[in-house]
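Heads up: the structure comes next, in C-alpha cells.
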Amino acid sequence: MIRAVIFDVGECLVDETTEYGAWADWLGVPRHTFHAMFGAVIAQGRDYRETFQEFRPGFDLYAERERRAQSGQPEAFGENDVYPDVRDTFAALRADGLWLGIAGNQTVRAGKILRELFSPDVDLIGTSDDWGASKPAPEFFDRVAQVVPVQTEEMLYVGDRVDNDIRPAHQAGMHTALVRRGPWGTIQWHTEAAQELPTFRVESLLELSGLIARFNGSVR
Numbered sequence: 010m011i012r013a014v015i016f017d018v019g020e021c022l023v024d025e026t027t028e029y030g031a032w033a034d035w036l037g038v039p040r041h042t043f044h045a046m047f048g049a050v051i052a053q054g055r056d057y058r059e060t061f062q063e064f065r066p067g068f069d070l071y072a073e074r075e076r077r078a079q080s081g082q083p084e085a086f087g088e089n090d091v092y093p094d095v096r097d098t099f100a101a102l103r104a105d106g107l108w109l110g111i112a113g114n115q116t117v118r119a120g121k122i123l124r125e126l127f128s129p130d131v132d133l134i135g136t137s138d139d140w141g142a143s144k145p146a147p148e149f150f151d152r153v154a155q156v157v158p159v160q161t162e163e164m165l166y167v168g169d170r171v172d173n174d175i176r177p178a179h180q181a182g183m184h185t186a187l188v189r190r191g192p193w194g195t196i197q198w199h200t201e202a203a204q205e206l207p208t209f210r211v212e213s214l215l216e217l218s219g220l221i222a223r224f225n226g227s228v229r
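All residue numbers for the sequence shown refer to the working numbering, where the first residue is 10 and numbers rise by one.
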C-alpha cells in the first residue's frame with residue numbers, strides 16, 4: 010500500500026534549463042557547448058559537477074554560487090520553470106488522500122523558493138541543506154523516513170535519476186517512480202537498472218494517480 014508520495018526537485022518538479030543556461034553564461038561558455046558537455050559527463054557516469062571542471066579547472070560550485078548571488082545573479086526559478094504536469098498531479102494525489110512531500114538536494118535559497126511555490130500543495134518540504142545530508146547518501150533517505158508519517162514501505166519516492174533517486178530510495182525500502190525527462194532521465198531510461206528497479210516508470214507525473222490506485226487495489 011502506498012500512502013505517501015515524496016518528490017525530488019530538479020527535473021522532476023522543476024525544469025532546470027534556465028539555471029544551467031545561467032551557469033553557462035557565468036562561465037562564458039556557449040550554452041549549447043555547456044549542455045553538450047553536461048550530457049557527455051552524465052553519459053559517462055560521472056558527477057555532473059565535473060562539467061564545470063571541464064571549462065574551469067578548480068571550479069568551486071558553492072563559492073561560485075555565492076559569487077553569483079553577490080553579483081545580483083543568484084540561483085533562481087519560478088512558476089515558469091515548474092513542469093506543466095506538476096500542479097494537476099498534486100491536486101489529483103491530494104484528492105486521492107495521499108500525503109505529499111518534496112525532498113531533494115537543494116540549497117537554503119532554493120528551499121525558500123520551493124516553499125514559496127509549493128507550501129500550499131504539500132505536507133512537507135525538506136532539503137539537503139536543511140538536513141545536513143545529500144542524496145544518494147543513506148542518511149538522506151533515513152531522514153525522509155523519519156519525517157514522513159507512514160511506514161517506509163508505504164512511501165513512493167519520485168525522481169528522474171537512477172543513481173541519486175531510484176536506487177538509494179529502493180535500498181531504503183521505499184517504492185519508487187522514475188520519470189523520463191531532463192538529461193538524467195533521458196540518458197538513463199534504457200539502462201538495466203532503470204528498467205528493473207522502479208515500481209513505476211512514467212513519461213508524465215499525471216500517470217501516478219492511476220498507477221498508485223491500481224497498485225493499492227492489487228495489494229488489499
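For each residue, glycine too, the CB sits at the ideal point set by N, CA and C. Small disclaimer: the values here were computed from a predicted structure and weren't measured.
Rounded C-alpha distance that separates residue i from residue j
{"i": "Ala-146", "j": "Ala-101", "result": "31 Å"}
{"i": "Trp-108", "j": "Arg-12", "result": "6 Å"}
{"i": "Ala-154", "j": "Thr-161", "result": "6 Å"}
{"i": "Arg-189", "j": "Val-171", "result": "11 Å"}
{"i": "Glu-205", "j": "Gly-81", "result": "44 Å"}
{"i": "Pro-66", "j": "Leu-36", "result": "12 Å"}
{"i": "Glu-212", "j": "Ala-222", "result": "17 Å"}
{"i": "Leu-220", "j": "Phe-64", "result": "43 Å"}
{"i": "Arg-103", "j": "Arg-210", "result": "21 Å"}
{"i": "His-184", "j": "Asp-174", "result": "11 Å"}
{"i": "Arg-152", "j": "Gly-48", "result": "30 Å"}
{"i": "Glu-125", "j": "Lys-144", "result": "23 Å"}
{"i": "Glu-216", "j": "Asp-97", "result": "11 Å"}
{"i": "Glu-148", "j": "Gly-135", "result": "13 Å"}
{"i": "Asp-69", "j": "Ser-227", "result": "49 Å"}
{"i": "Asp-56", "j": "Glu-88", "result": "28 Å"}
{"i": "Val-159", "j": "Pro-207", "result": "20 Å"}
{"i": "Gly-194", "j": "Asp-130", "result": "24 Å"}
Contact check, residue i vs residue j, beta carbons under 8 Å
{"i": "Val-18", "j": "Val-167", "result": "no"}
{"i": "Asp-132", "j": "Gly-106", "result": "no"}
{"i": "Asp-139", "j": "Cys-21", "result": "no"}
{"i": "Ala-112", "j": "Glu-84", "result": "no"}
{"i": "Ala-202", "j": "Arg-176", "result": "yes"}
Exposed unless 16 or more other CB atoms sit within 10 angstroms - verdict on residue i
{"i": "His-179", "result": "buried"}
{"i": "Gln-53", "result": "exposed"}
{"i": "Gln-115", "result": "buried"}
{"i": "Ser-137", "result": "buried"}
{"i": "Pro-192", "result": "buried"}
{"i": "Ser-128", "result": "exposed"}
{"i": "Ala-72", "result": "exposed"}
{"i": "Ser-218", "result": "buried"}
{"i": "Val-117", "result": "exposed"}
{"i": "Asp-24", "result": "buried"}
{"i": "Leu-214", "result": "buried"}
Expected contact under 8 Å - CB spacing of residue i and residue j to nearest Å
{"i": "Ala-181", "j": "Phe-150", "result": "4 Å"}
{"i": "Ile-122", "j": "Phe-86", "result": "6 Å"}
{"i": "Asn-225", "j": "Met-46", "result": "Rounded, the Cβ-Cβ distance is 43 Å, inconsistent with contact."}
{"i": "Met-164", "j": "Val-156", "result": "Contact doesn't hold; Cβ gap of about 11 Å is too wide."}
**Prompt:** Okay, do the stretch 89-97 and the stretch 53-68 touch, 3+ Cβ pairs below 8 Å being the bar?
**Reply:** no
**Asked** Just checking, does the stretch 24-35 make contact with the stretch 66-86 on the three C-beta pairs under 8 Å criterion?
**Response** yes
**Request:** Assess, as a yes-or-no matter, whether the stretch 198-207 is touched by the stretch 38-48 under the definition of 3 or more beta carbon pairs within less than 8 Å.
**Result:** no
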